[in-house]
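Here the structure is laid out as structure tokens; the discussion comes afterwards.
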Amino acid sequence: MKKQLNLLYISLNSLILAVILILWQLQSKLGYPYKISGLWFQVGLAVVSALFAMVLPVWMRILAFSAYHRKGQVATFKDFMLFERLTIISSSLAFALAPVAFLFSINLWVRYFVTFMAIYALYFSYPSDRKMNTDLKLFKLSQDGTMA
1320 MKKQLNLLYI SLNSLILAVI LILWQLQSKL GYPYKISGLW FQVGLAVVSA LFAMVLPVWM
1380 RILAFSAYHR KGQVATFKDF MLFERLTIIS SSLAFALAPV AFLFSINLWV RYFVTFMAIY
1440 ALYFSYPSDR KMNTDLKLFK LSQDGTMA
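Just so you know, my numbering puts the end of the sequence shown at 1467, numbered straight through with nothing missing.
Now the structure itself:
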């Protein structure tokens, strides 16, 4: 279980890191940062970054736990793994927005905010033992996927 989640986490984020490194190497050839007109792109980038990094994972967590506890349903191990995968994918999308912030000529504080959201998302979604144990307890499952 943890091995699968670590593989997903590392593969997605390594791919994004490779894109960042390639863009960094090709910076002089590509000629970015590209000019943008209007403030809407900067605000949109910051909002979408915060959505993927913080709002969506917390919202998924609240919905998952409330759905099982309120309705009296029992979560399955498959539901738990889906929840963990979606959390990792959401954080990877937030991490993917970090190079976008550097491709365009936008406010420096927006770049910092998007980068901070990316780092936070990577931290939040890492499938550590402590996080996995906490999530398993909240889903009322044990390490082997049976009811606790």
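Think of the CB as a built atom: it goes at the ideal place given N, C-alpha and C, for glycine as much as any other residue.
For the alpha helix (DSSP H) that contains residue i, what are its first and last residues?
{"i": "Thr1453", "result": "Asp1448 to Leu1457"}
{"i": "Met1379", "result": "Leu1375 to Arg1389"}
{"i": "Thr1434", "result": "Leu1427 to Ser1444"}
{"i": "Met1400", "result": "Phe1396 to Leu1422"}
{"i": "Ser1368", "result": "Trp1359 to Ala1369"}
{"i": "Gln1346", "result": "Gln1346 to Leu1349"}
One question on the structure: do residue i and residue j come within less than 8 angstroms of each other, judged by their Cβ atoms?
{"i": "Ser1368", "j": "Leu1416", "result": "yes"}
{"i": "Tyr1445", "j": "Tyr1328", "result": "yes"}
{"i": "Pro1352", "j": "Phe1423", "result": "yes"}
{"i": "Ser1461", "j": "Leu1455", "result": "yes"}
{"i": "Ile1335", "j": "Phe1443", "result": "no"}
{"i": "Gln1361", "j": "Ile1407", "result": "no"}
{"i": "Ala1394", "j": "Lys1321", "result": "no"}
{"i": "Ser1409", "j": "Leu1375", "result": "yes"}
{"i": "Pro1418", "j": "Leu1370", "result": "no"}
Straight-line CA distance for residue i to residue j?
{"i": "Ala1437", "j": "Gln1346", "result": "21 angstroms"}
{"i": "Val1377", "j": "Gln1323", "result": "22 angstroms"}
{"i": "Ala1337", "j": "Lys1397", "result": "31 angstroms"}
{"i": "Leu1391", "j": "Leu1382", "result": "Inspection of the sequence shows that residue 1391 is occupied by Gly rather than by Leu. Their backbone Cα atoms lie some 14 angstroms apart in a straight line."}
{"i": "Thr1453", "j": "Met1379", "result": "15 angstroms"}
{"i": "Met1400", "j": "Lys1348", "result": "42 angstroms"}
{"i": "Leu1427", "j": "Leu1441", "result": "21 angstroms"}
{"i": "Phe1432", "j": "Trp1359", "result": "16 angstroms"}
Could you check what DSSP says for residue i in three-state terms: helix, strand or coil?
{"i": "Leu1326", "result": "helix"}
Which word fits residue i, buried or exposed, when buried means at least 16 other C-beta atoms lie within 10 angstroms of its C-beta?
{"i": "Asn1332", "result": "buried"}
{"i": "Gln1386", "result": "Reading the sequence as shown, one finds Ala at residue 1386 and not Gln. Result: exposed."}
{"i": "Val1366", "result": "exposed"}
{"i": "Arg1389", "result": "exposed"}
{"i": "Arg1449", "result": "exposed"}
{"i": "Leu1364", "result": "buried"}
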